[in-house]
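Structure first, commentary second.
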Amino acid sequence: MKILKADDYQTWFIEENNFSILVDPWLDRKLNPNSSIFLQREREDSSCLTDEDVKNVDAVIITAPFIDHLHFPSLNKLNKDIQIITTKRAKKNLNKRGFLNVTTCINNHPIEIGPFLLSPYPAGFPYTWSSFCFFLENKDKKILYHESHISNFSVLRKINKKCDVALITIDPVKFIGLLTLSMGLKKALKVAKILGAKKIMATGTSPQKLKGLINKVLLIKENRINELKEGDTQIYYKEGDEVIL
145 MKILKADDYQ TWFIEENNFS ILVDPWLDRK LNPNSSIFLQ REREDSSCLT DEDVKNVDAV
205 IITAPFIDHL HFPSLNKLNK DIQIITTKRA KKNLNKRGFL NVTTCINNHP IEIGPFLLSP
265 YPAGFPYTWS SFCFFLENKD KKILYHESHI SNFSVLRKIN KKCDVALITI DPVKFIGLLT
325 LSMGLKKALK VAKILGAKKI MATGTSPQKL KGLINKVLLI KENRINELKE GDTQIYYKEG
385 DEVIL
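Converting from the sequence shown to the working numbering requires adding 144 to each position, the first position being numbered 1.
Written as structure tokens, this is what we have:
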């Protein structure tokens, strides 16, 4: 299983035996296709994926119904009959846009995606009812865990499932300094310990690059990766970072 951090934010490319999956794809230079004073993020390069990579994608996982997960300018680069696994709310929007093969994931109900088995679970508060986390396992029992915002610690302890690598947030973000929207490094390391993961691939990276009025209500702190000691969990943070399981 190849896991590639496909951009500088939260797009993931997962491949096994020539079957590839995109997770929360943002494949453009501009996040908000419309001019927006509320939310925008721009970059010089759309992603590190080639046109051929995108053309050959077999399935998509969309973990939340928000614009930085459910990004239609990116999805419109794909075939309308591509397999999409997502939330109930996102499915309605996808169906309206003409996507024909959309499945709503149900907590703790595994779904086969090519050579993988996806097991979805509730995300942590405040995303419990709008988003989901998941484990993705190949036939060799190699497992990744993905959570795009905040892990649900009670769920993780209850299911007692282990993984080889955790795709989680490490850049702490709070709404008006009170409501946690993204985990910091301390909580991320706690998640990795619960899961037995020796590697963390950071998602939702560089949130300070978000522009617009949203910055007035977000408190973003440094991720403190430089404080990790030798022998600690290995962190992958940069676009293009890759792990092979």
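By construction, the Cβ of each residue, glycine as well, lies at the ideal position given by its N, Cα and C atoms.
Separation of the CB atoms of Y289 and A208 is rounded to 16 Å, and the pair is thereby denied contact status at 8 Å. S164 carries a strand assignment under DSSP once its states are collapsed to helix, strand and coil.
Partner residues in the beta bridge of I364, as assigned by DSSP, are V317. The C-beta distance from D385 to K149 rounds to 5 Å, short enough to meet the 8 Å contact threshold.
The shortest CA-to-CA distance from E160 to any of A267, K330 and K283 is the one to K283. Taking 7 Å as the cut-off, the Cβ atoms of M327 and I294 count as close. Here S218 carries a helix assignment [DSSP, helix/strand/coil]. Annotation: the stretch 269 to 353 contains the following complete segments of the alpha helix (DSSP H) (minimum length 4 residues), in chain order: 297 to 303 and 329 to 339. Here the alpha carbons of K360 and C277 stand approximately 28 Å from one another. Taking all protein chains shown into account, S179 has fewer than 16 neighbouring C-beta atoms within 10 Å of its C-beta and is therefore exposed.
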